[in-house]
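Trainee:
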Amino acid sequence: MKRKRMVFGLKSLKELVTRGTLAIVPAYDGIHQCRVHDFGGMKTLSTKSTKEILDESCMAYRSTYDGRIKAVRHAFDYLRKTPLMICPQQYIYAIPTMAPTDYDCIWLFCQHIESTSTREGKTYVHFTNGEKLEINCSESVIKRQRERAAVTMTHFSTIPTISTLNRNETELYLPGFHSHLQNLTEFDSRGTDL
Numbered sequence: 006m007k008r009k010r011m012v013f014g015l016k017s018l019k020e021l022v023t024r025g026t027l028a029i030v031p032a033y034d035g036i037h038q039c040r041v042h043d044f045g046g047m048k049t050l051s052t053k054s055t056k057e058i059l060d061e062s063c064m065a066y067r068s069t070y071d072g073r074i075k076a077v078r079h080a081f082d083y084l085r086k087t088p089l090m091i092c093p094q095q096y097i098y099a100i101p102t103m104a105p106t107d108y109d110c111i112w113l114f115c116q117h118i119e120s121t122s123t124r125e126g127k128t129y130v131h132f133t134n135g136e137k138l139e140i141n142c143s144e145s146v147i148k149r150q151r152e153r154a155a156v157t158m159t160h161f162s163t164i165p166t167i168s169t170l171n172r173n174e175t176e177l178y179l180p181g182f183h184s185h186l187q188n189l190t191e192f193d194s195r196g197t198d199l
């Protein structure tokens, strides 16, 4: 019986999306469902679906695929081809080239996209490591998707403070607790903590 390797409570790191992931593309070999491209040039074939890999990666970063999509849709009116924030703390965001339910959908990871180009009617994305990948959408679609991802990234990278939140709309406010936190951050005239 083969045992799965456990690292930090994760079942497998082989197919985990990280800051080094460039793209997840469909595999058309009849055995595998997708191929994960990474910054080092490695292409890992997987029998898992793209959504399974994305969902497991979101769970490794303390959420789920559906939860992350729901959060973005709650903040913005991106109901189709919604950008996916896999890990906002590490700025791991991905954009789909078409409807994620479509087998042909390619997921691109924003931090590695350098540029796009069109040649002989085909669209390519150029990555920061020098790789080029043919994609199944137009340059204008990718441009719009990258803009949406940038807006999403900016929005979710700013942490609201209690003073910016309406206390009636949040359960984070605990009377007395936050005033205690405020006192802890005040400094005396010598610049040392009180």
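Counting from 6, one number per residue, gives the positions in the sequence shown under our numbering. Glycine included, each C-beta is placed from N, C-alpha and C at the ideal position.
1. Under a Cβ-count criterion, where at least 16 other Cβ atoms within 10 Å of its own Cβ denotes burial, should residue 20 be classed as buried or exposed?
2. For residue 163, does the count of other Cβ atoms within 10 angstroms reach 16, so buried, or fall short, so exposed?
3. Out of curiosity, what's the CA-to-CA distance linking residue 127 and residue 147?
4. Going by DSSP, what residue range makes up the alpha helix (DSSP H) through residue 161?
5. Suppose contacts are defined by Cβ-Cβ distances below 8 Å. Is residue 103 in contact with residue 134 by that definition?
6. Let's see if you can read the secondary structure: which residues bound the beta strand (DSSP E) around residue 42?
7. Going along the chain, which residues of its own chain have a beta-carbon closer than 8 Å to the beta-carbon of residue 52, five neighbours each way excluded?
8. Note down the Cα distance separating residue 82 from residue 157, rounded to an integer number of angstroms.
9. Tell me the rounded alpha-carbon separation between residue 144 and residue 130.
10. Alpha carbons only, please: which of 88, 93, 57, 41 is nearest the one belonging to residue 150?
11. Just verifying my parser: in three-state terms, what is the DSSP assignment at residue 74?
12. According to the neighbour-count rule (16 or more other Cβ atoms, all chains shown, within 10 Å of its Cβ), is residue 27 buried or exposed?
13. Would you list the one or two residues that DSSP bridges to residue 52?
14. Starting from residue 21, trace the beta strand (DSSP E) in both directions and tell me its first and last residue.
Mentor: With the structure as the only source:
1. Here residue 20 refers to the residue found at position 15 when the sequence shown is read from its first residue. Buried is the call here.
2. As a first step, residue 163 must be located in the sequence shown, where it is residue number 158. With fewer than 16 other Cβ atoms within 10 Å, it is exposed.
3. Indexing the sequence shown from 1 puts residue 127 at position 122. Indexing the sequence shown from 1 puts residue 147 at position 142. Rounded to whole angstroms, residue 127 to residue 147 spans 13 Å at the Cα level.
4. Here the question's residue 161 lines up with position 156 in the sequence shown. Looking at the DSSP string, the run of the alpha helix (DSSP H) that includes residue 161 is 144-162.
5. Taking the first residue of the sequence shown as 1, we reach residue 103 at position 98. Taking the first residue of the sequence shown as 1, we reach residue 134 at position 129. Cβ atoms of residue 103 and residue 134: not closer than 8 Å.
6. The count along the sequence shown starts at 1 and reaches residue 42 at position 37. Unbroken beta strand (DSSP E) run through residue 42: 39-43.
7. For this step, residue 52 is matched to residue 47 along the sequence shown. Here the set comprises 36, 37, 38.
8. As a first step, residue 82 must be located in the sequence shown, where it is residue number 77. As a first step, residue 157 must be located in the sequence shown, where it is residue number 152. Distance between the alpha carbons of residue 82 and residue 157 is about 11 Å.
9. Numbered from 1 along the sequence shown, position 139 holds the residue referred to as residue 144. Numbered from 1 along the sequence shown, position 125 holds the residue referred to as residue 130. Taking the straight line joining both Cα atoms gives about 9 Å.
10. On the sequence shown, residue 150 is found 145 positions in, with the first residue counted as 1. Checked all of 88, 93, 57, 41; the closest Cα to residue 150 is 88.
11. By one-based count along the sequence shown, residue 74 stands at place 69. Helix.
12. Reading the sequence shown from its first residue, position 22 is the one you call residue 27. With a 10 Å radius around the Cβ and a threshold of 16 neighbouring Cβ atoms, residue 27 comes out buried.
13. Sequence index remark: in the sequence shown, residue 52 carries index 47 (1-based). In DSSP, residue 52 forms no bridge with anything.
14. Looking up residue 21 in the sequence shown gives position 16. Per DSSP, residue 21 belongs to no beta strand (DSSP E) and is neither H nor E.
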